[in-house]
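Asks: Would you mind keeping the following structure in view while I ask a few things?
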Amino acid sequence: MGCWYSRLDREEMVSRCKARKRYMKQFVKARHAFSAAHSMYLRSLRNTGSALLQFATAETNHHHPPPPPPLPTPPPPMSPSSWTTTSTAPSSAIRPPPPPPLASSSTWDFWDPFMPTSGRSIDEEEWEETTNASEVAATTTAGDRSVAAPPSVLTATATTASSELAVVVSTKSKDLVEIIQELDDYFLKAANAGGPLSLLLEIPTCSFNRQTSSVKDYGHGKSLSPLLWTWGSSSSKWNAFGNFCEDPIGNNVGLMGANGNATHCSTAERLYTWEKKLYQEVKNAESLKLEHEKKVATLRKLEMKSADYFKTEKAKKETEKLESQMLVASQAIETTSIEIIKLRESELYPQLLELVKGLMSMWRSMYEFHQVQTHIVQQLKYLNSIPSTNPTSEIHRQSTLQLELEAQQWHLSFCNLIKAQRDYIQSLTGWLRLSLFQMGNNPPVHKTLQDSAIYSLCEEWQLAINNAPDKVASEGIKSFLTVIHAIVVQQAEEQKQKKRSDSAFKELEKKAVELRSLESKYGPYEATSSNETSKNPVREKRAKVENLRAKAQDEKAKYEKSVSVTRAMTMNNLQMGLPHVFQAMTGFANVFTQAFESVHNQAKTTDDLHSVKMILP
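Residue numbers are given in my numbering: position 410 of the sequence shown equals residue 1024, and the series is strictly consecutive.
Below, the structure is given as structure tokens:
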């Protein structure tokens, strides 16, 4: 019959399987949440760029015809050896350093505030110190004067696969719309960098398409229409490979991806199905064991008392029947456990490796693109500092409100993205901890090096996400949101002052009409009257009109002052807010890239050791 577990061990086994099932249920939900959060973050990048461009267009000149469409994006760069018009930086095992300027005569240094010195990585403290470093401003000498040279990124292309970034710089002066257009282009590039990971997370690709429109699409006050985002009904969805996938707890899942391999969604859901089955089988085995113990105790009593033969034989047959059922239950548990191990090793572990690789590649590209954006916004300080006198139009006010909304979504989606990934890896690590390592004196079942490899991968992944400086990045986005909100508040104050000014002039016009009517009625009465104590309606009305005229002029002056404050605040907030947010995002992407490179490299080392042991006798 073998060695039976003690009651404590059996209770622990049921409790462990129940906890395993709960962790896997959480993992299935967390995978869906991670997928949705990733999708929404990429969407927020696209929409923030669009809203910023619409805002800049309204700020610059919304009454004039829009500028021509931007030049098309240049094709991807060739190999470094064949490039003749740009200088490049060699690939790095950690991440690519920024390239030097195009030529030694260039007046703008391509400065990387987040580049670690001496090839070593930087910790969070060092990174925060670096972000506060003074900016490099190049100057050119014209006669006896030193004139600042406005930098401009004409073209910038990145090849994520080879981790190379080539940038062509110029000193051509640009207006606000041209600068923001470049920012929008790199918002799109950053969002597109998440495309490969979207496939691994099985996000419908149709949800990401945003046509790259010219500036004229944003110049007429048309509000940004939110992208349609539909997951379908609560019970079903289509995965990225066109396969139908039931709800997270259902069983009818599109099992195969475009390459014939099982999808991450189907693997997670099948693991949950097997965990539910295992839990029921362990509970059933526990029930059979308890019943068997009772029958054995009854049989012993009958044998000790030399009870009736037929009663004793009946008890023996019932005991033997339970033993047969227990054997079947034990075999079922073994079969289910093998299926779970097979899914874990042959499907889940390779998928996790691909996800880590995808995250590493995505954040490396985002680092490069946010870094370019950091340099692009430095051009804002070279714009004309004389504030415009154009009042805020309704078009501009709506575009500012839209930008505030999209900045809020950017901040929210970033926070959700980090939280969703933490929940994802935490639930998976918890499940692995319970399924791989037994407590007490019981040895691990089917313990292999691959088992420890998947656990090591997830443990390193969890450590990386828990140590990520996401609060610094989220505060950077939040600070950008704060300066945009300040513009919204100032625009509202300007509108209030405009209404007060308009109201004062309207009242002035009304009283002026009344004055003309009185003058027409009384004629020279007011001028010839010598009785200073008598009531003079013309003189009284004229005094009121003069008071109203002074008040109206005062309100008009306040309104003009408010317009100037709005224009000056807008430019100042852009000049101060945009560099900060891109510096924060560049630093975060840099740290995150190095973290995932470390996780990936360690997993690769573990796999290589496993391969060597497989070859050795």
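Ideal placement from N, C-alpha and C gives every residue a C-beta, glycine not left out.
All values derive from a computational prediction rather than experimental measurement.
Could you tell me if P690 is buried or exposed, where buried requires 16 or more neighbouring beta carbons within 10 angstroms of its beta carbon?
Replies: Classification of P690: exposed, given that the 10 Å Cβ count is below 16.
Asks: Would you list the one or two residues that DSSP bridges to A1100?
Replies: According to DSSP, A1100 bridges with nothing at all.
Asks: Looking only at its own chain, which residues have a Cβ that is under 8 Å from the Cβ of I1091, when we skip the five neighbours before and after it?
Replies: Closer than 8 Å at Cβ, skipping near neighbours: A1021, W1024, H1025, F1028, V1195, A1198, M1199.
Asks: How is the alpha helix (DSSP H) around I952 delimited, first residue to last?
Replies: Note, I952: alpha helix (DSSP H), 923 to 957.
Asks: Is the Cβ-Cβ distance between Q1104 and S1176 less than 9 Å?
Replies: Result yes, Cβ atoms of Q1104 and S1176 sit closer than 9 Å.
Asks: Do the CB positions of A1034 and A644 come within less than 9 Å of each other?
Replies: A contact, by the Cβ cut-off of 9 Å.
Asks: Classify F648: buried if its beta carbon has 16 or more other beta carbons within 10 angstroms, exposed otherwise.
Replies: Buried: at least 16 other Cβ atoms inside 10 Å.
Asks: From F1206 to M980, what distance separates their C-alpha atoms?
Replies: Spanning the two alpha carbons is a distance of roughly 10 Å.
Asks: Work out the CA separation of K909 and E932 for me, nearest whole Å.
Replies: One C-alpha to the other measures close to 7 Å.
Asks: Could you tell me whether the region 1105 to 1123 touches the region 1157 to 1166, using the rule of 3 or more Cβ pairs below 8 Å?
Replies: Touching, per the Cβ criterion.
Asks: Taking T674 and V791 to be in contact with their CB atoms under 8 Å, please state how far apart those CB atoms are, rounded to whole angstroms.
Replies: At roughly 5 Å, the Cβ-Cβ gap stays under 8 Å, so T674 and V791 are in contact.
Asks: Report yes if the CB atom of Q1189 is closer than 9 Å to the CB atom of K995, and no otherwise.
Replies: Yes, the pair counts as a contact, with Cβ atoms nearer than the cut-off.
Asks: Between K971 and H1214, which are expected to be in contact by the criterion C-beta below 8 Å, what is the C-beta distance as a whole number of angstroms?
Replies: About 6 Å separates the two Cβ atoms, so the contact holds.
Asks: Tell me whether the beta-carbon of R958 lies closer than 9 Å to the beta-carbon of I1068.
Replies: Yes, the pair counts as a contact, with Cβ atoms nearer than the cut-off.
Asks: Using CA atoms only, rank isn't needed, just tell me which of K930, L1015, L1071 is closest to K915.
Replies: Nearest of K930, L1015, L1071 to K915, Cα basis: K930.
Asks: Specify, as a first and last residue, the run of the alpha helix (DSSP H) that P810 falls within.
Replies: Unbroken alpha helix (DSSP H) run through P810: 809 to 814.
Asks: What residue from N1080, F1051, L1077, Q1076 has the CA that sits closest to S1066's CA?
Replies: Nearest of N1080, F1051, L1077, Q1076 to S1066, Cα basis: F1051.
Asks: Which whole-angstrom value describes the C-beta separation of A599 and W977, a residue pair presumed to lie in contact below a C-beta threshold of 8 Å?
Replies: In the structure displayed, the chain extends from 615 to 1231; residue 599 sits before or after that span and is not available.
Asks: Within the continuous alpha helix (DSSP H) that includes F1051, where are the two ends?
Replies: Counting along the chain, F1051 falls outside any alpha helix (DSSP H), and DSSP gives it neither H nor E.
Asks: Under the assumption that K1149 contacts L1132 (Cβ atoms under 8 Å), give the Cβ distance between them as a whole number of angstroms.
Replies: Actually they do not touch by this definition, with Cβ atoms about 12 Å apart.
Asks: Inspect the beta-carbon positions of E1169 and S1117 and report whether they are closer than 9 Å.
Replies: Yes. Within cutoff.
Asks: Is DSSP giving I817 helix, strand or coil here?
Replies: Of the three classes helix, strand and coil, the one that applies to I817 here is coil, per DSSP.
Asks: Can you find the residues in the same chain that come closer than 6 Å, C-beta to C-beta, to E738, ignoring five residues on each side of it along the sequence?
Replies: Once the five neighbours on either side are set aside, the close Cβ partners of E738 are P1083.
Asks: Kindly indicate if chain D contains any beta-carbon less than 9 Å away from that of Q1197.
Replies: In the structure shown, chain D cannot be found, because there is only a single protein chain.
Asks: Thinking I793 and I990 are a contact (beta carbons under 8 Å), I'd like their distance in whole angstroms, please.
Replies: Yes, they are in contact, since the Cβ atoms of I793 and I990 sit about 6 Å apart, within 8 Å.
Asks: Determine the contact status of E1160 and I1098, defining contact as a CB-CB distance below 9 Å.
Replies: Not a contact, by the Cβ cut-off of 9 Å.
Asks: With burial defined as no fewer than 16 other Cβ atoms inside 10 Å of the residue's Cβ, what is the status of R634: buried or exposed?
Replies: Flag for R634 reads buried.
Asks: Using only CA atoms, which one of K1158, I1032, E968 lies nearest to I1079?
Replies: Of the candidates K1158, I1032, E968, the one whose C-alpha sits nearest the C-alpha of I1079 is I1032.
Asks: Got a sec, what are the start and stop residues for the alpha helix (DSSP H) E796 sits in?
Replies: Looking at the DSSP string, the run of the alpha helix (DSSP H) that includes E796 is 790 to 806.
Asks: Would you tell me roughly how many angstroms separate the C-alpha atoms of K934 and F924, rounded to the nearest one?
Replies: Note on identity: in this sequence residue 934 is Glu, with Lys being the wrong assignment. Their backbone Cα atoms lie some 15 Å apart in a straight line.
Asks: Quick check: what's the CA-CA separation for L811 versus D798?
Replies: L811 and D798: Cα-Cα distance of roughly 21 Å.
Asks: Could you give the DSSP three-state label for A1240: helix, strand or coil?
Replies: The chain is shown only over 615 to 1231; residue 1240 falls outside these bounds and no answer can be derived.
Asks: Alpha helix (DSSP H) containing Q987: first to last residue?
Replies: Unbroken alpha helix (DSSP H) run through Q987: 963 to 990.
Asks: Quick check on S787: buried or exposed, where buried means 16 or more other Cβ atoms within 10 Å of its Cβ?
Replies: Burial call: exposed.
Asks: Leaving out five residues on either side along the sequence, give the residues of the same chain with a beta carbon under 7 Å from the beta carbon of E895.
Replies: Excluding positions up to five away in sequence, the list reads A943, A946, I947, T950.
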